[in-house]
Amino acid sequence: MRPGGDDLAEIKALLTERLEEVAEATIGQPSAASRRTKEWRFEGHGGAFLVVRGAKRGQFYSFATSAGGGPLDLVMYARSCGFAEAVRWARQFLGLANAAGPAVVDETAHAERQRKRAEAQRQAEAEKAAKDESGAAYARRVVARTTEIAGTPAEQYLIEARRIPAPPGGWPSDAVRYDPERRALVMVARDASGTVRAIQRVHLTADGRKIDAAEIAARELPSVKVTNGPPKGAAVQLPGLPGPLVVAEGPETGLSLWAATGREVWIALGSLGHVTPPEGRQLVACADDDKRHSPADRALQRAVDQWRADGFAVALAMPWPERRQDGSDFNDALQADGAAAVAARIEQAISGRVVRPGSLPLGRAREATRGAVAGFFEAVRIYDPEAGDGPPPVHAIKVGVGIGKSAAARAEMALELVRMRREAAARIGKAKPETIVMAVPTHALGREQVDAFHALPAVKEAGLRAAMYQGRTRPDPDAPGETMCRNLAAVNDAFAAGLDVQKSCCRRVVRGREGEPATVYQCPFFETCGYQAQMARRPDVLFTAHQSIFTARPKMAGNAVALVVDEGAWKAGLIGAGEKKPKTLSLDSLAGAVTLRNMDETRAIRELYGDALAALRSQPDGPLSRAAMLAAGMTADMAHDAELRTWDRKVDPNLRPGMPEADRKAALRAAANNATVARLAALFRALRALLAEDGPEHSGWINLATEHTDAGAVRTVLLRGRQDIPKGWQIPTLLLDAVLDVNLVRPYWPQVQVTAEIEADAPHARIRQLIGSDVSARSV
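45 is the number of the first residue of the sequence shown in the working numbering; add one for each residue after it.
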């Protein structure tokens, strides 16, 4: 039955119901090979896929653009449009009628929406629990009819096909079984109480081989391996030596590790994240050698990050001494190199041989640092964004104080640029020269780095040039007493309104109608502007302050192919933390008579604001509680919708470079609410993060407070947050830091890999710790 209105939830439900039609009408036909699977894939769209069957039906993702979400996100991606246009297209596609008048948001409607959402959530949870219990019961029935594997095709498969050594004491009978009815190896996963929750069967031929495609079809199986029961929270538990717990994915990998090491091994049926380790154990996460940044690689990193966040010490073990990125696993390593080599890989991971604090003489530490930096530039040369290599590589190197990480970076940058120029000279045709960018904590350090780079013999011989990027507010080194920008008043106005400063204040070219010349609007100081003058330069190495990598990449950076970040830059990306005050937003800003371009969108945003306001007002002062907001009826989808619709409120006052101040101020009055719009969007972004499936118990970004004013008490929101790395800076990146904490940089660079941790012997160094007072660096 078609709904009478076009409520957003109904639109999403109907789009999901007609998902295949939506996909074919927007992104096109799926590949022939994927049409019969649960995930449709689309050629020419950078690995884009759409889930068309199962609990995640409607979920869409594109690896090339990192776009993803539900059916409306698919429409936005395929039609290259915004949220409002996607909703309009959906209404037309679904044939929904528009609302006839403005909606009235009242407490009764709000309560009814809450009741429906809560009822839907309870029903979904009950259905999932029932499905899980049914699957677990079936798994227990299968286990009841199984036998031990000795002398069966299952043992033949493990020993002959997989080359896993037969254990002297026999196979663990509680975990490894044989199903004679289905002729399958059965791996039994149990929860913390020892109850069977799930099984995975590997279907075999009579002589102990995996069945082929013809037999899969004949047996009417979905695949060779079939999992029954809920695998989350359960694991196949193989007994072994006390000490670190080895955790792996897949029966063959886990059994190879168990046979090779004699250690206790827990096997996940699916993602490692399904395993809930026992408290207090050191973990060894055994990864398959998947391609870097692939979905499997990211899932592994998420599991490791979560365990570390839960307080576990986690070592990561790979099958080979050098990464192959071919999907191979520890069973492949066992077959190629033997059990002793597998055991050695695990012991190396446990002992942490990469980290050798204080173990290297200074000279060797400096050599190791140069080698690690050179390894990064090797990764830069290999990386090809046009070939679908995924996100760019991000290497992190922890280098102790005094070893000379900045000097190593400068020397390797010079060598890499010389190599680049030599290769460019040998190429046929013109190519844009490559640039390397190095971000440092302050402008003063940047100027020192420029001088140090120019002093290198290789730089002098090759004629390489470096420069320091200066923001508009910085002093102009070529014009004492002046700032880089000569009209900061206009720049500050544009910035406060959230506008593009270059187009609003500096220079803009407006095309004329056919046959008419273009109109050029230009700042009267444009020709003498220090900021614009530096943009014409094309240095080989550009030094910049940390803050700039959280803004748009400047034109001066040219064809930047690598970014080196010297010292920790994560603090520069924080909002409202440290020395930066939180942004303040009154709850009353959600209560105004908000109006968008038509009645439908006005109704939708008022309902979302009304729901958010009611939920926030019901909470006490302090960090916002996830459980309380969910209980009040807010969801991550609602927060996302509200964020997108809020940006539709932003006003473009059409500022032009060179406008008289009076005209500029008059135009800006139309955009006076833009600052509030930006803060509301930040509020909903923070709410979305809080209410996500993996959200925290309390928000670190949203704090409720009460301000006492002459007019009385006012409820406010104190907003903190984190900036993302803009697209222009998402290039191969090297992080050099003496006090590297990978958990602090991973929110900015999720794909970061720690490639070296280097310390030098310092027999004459003394460390004194001052306790009980804060001491600034200038005071020491």
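Every residue gets a Cβ at the ideal spot worked out from N, C-alpha and C, and that includes glycine.
In this text the structure is predicted, and so the values were computed from the model without any measurement.
Please state the DSSP three-state secondary structure of residue i.
i, result
"V608", "strand"
"S106", "coil"
"R389", "helix"
"F587", "strand"
"T413", "helix"
"M703", "coil"
"H439", "strand"
"D333", "strand"
"A147", "The predicted position of A147 is uncertain, since its pLDDT is 32 and thus under 50; a value taken from the coordinates is nonetheless stated next. Three-state DSSP puts A147 in coil, outside helix and strand."
"A837", "Residue 837 is absent from the structure shown; the chain starts at 45 and stops at 824."
"K100", "coil"
"A479", "This sequence places Thr at residue 479; Ala is not what is there. In the structure shown, T479 sits in a strand (DSSP, three-state: E or B)."
"G507", "coil"
"S178", "helix"
"G739", "coil"
"F93", "strand"
"L404", "strand"
"Y513", "coil"
"I193", "coil"
"K269", "strand"
"V564", "strand"
"V131", "helix"
"E801", "strand"
For residue i, list the residues DSSP reports as bridge partners.
i, result
"V758", "E751"
"K254", "L248"
"M231", "V220, Q244"
"A359", "V328"
"I746", "L763"
"D781", "K442"
"W310", "Q281, V291"
"W773", "BP columns for W773 are empty, so no partner."
"L629", "V761"
Using the C-alpha atoms, what's the distance from residue j back to residue i?
i, j, result
"G444", "V609", "15 Å"
"Q350", "V462", "42 Å"
"Q281", "D785", "32 Å"
"F374", "A205", "14 Å"
"L660", "G298", "48 Å"
"S630", "D738", "28 Å"
"D692", "G114", "20 Å"
"R454", "A613", "18 Å"
"G765", "G744", "8 Å"
"G284", "R241", "22 Å"
"T628", "D537", "20 Å"
"G834", "Q379", "Residue 834 is absent from the model: the chain starts at 45 and stops at 824."
"R414", "A361", "25 Å"
"A340", "G317", "11 Å"
"L344", "V290", "14 Å"
"L674", "V187", "39 Å"
"R62", "L265", "28 Å"
"R551", "V545", "9 Å"
"D381", "D332", "16 Å"
Can you tell me the Cβ-Cβ gap for residue i and residue j, rounded? I've got them flagged as a contact below 8 Å.
i, j, result
"Y575", "M512", "In fact, because the Cβ distance is near 13 Å, the residues do not count as touching under 8 Å."
"E801", "K442", "4 Å"
"R670", "E741", "6 Å"
"L652", "D685", "6 Å"
"S662", "T720", "So it is not a contact: roughly 22 Å between Cβ atoms."
"N787", "R368", "About 27 Å separates the two Cβ atoms, so there is no contact after all."
"L52", "A782", "Their Cβ separation, rounded to whole angstroms, is 49 Å, which puts L52 and A782 out of contact at 8 Å."
"T271", "L313", "5 Å"
"A683", "L735", "6 Å"
Would residue i be called buried (16 or more neighbouring beta carbons within 10 Å of its own) or exposed?
i, result
"T639", "exposed"
"S592", "buried"
"P295", "buried"
"I243", "buried"
"G273", "buried"
"S178", "exposed"
"V148", "Low confidence applies to V148: its pLDDT is 34, below 50, so where it sits in the model is not reliable, and the reading given next is rough at best. Burial call: exposed."
"G434", "buried"
"P365", "exposed"
"A804", "buried"
Run the proximity test for residue i: is its beta-carbon closer than 7 Å to any non-hydrogen atom belonging to the ligand MG?
i, result
"R551", "This structure lacks the ligand MG; in fact it carries no ligand of any kind."
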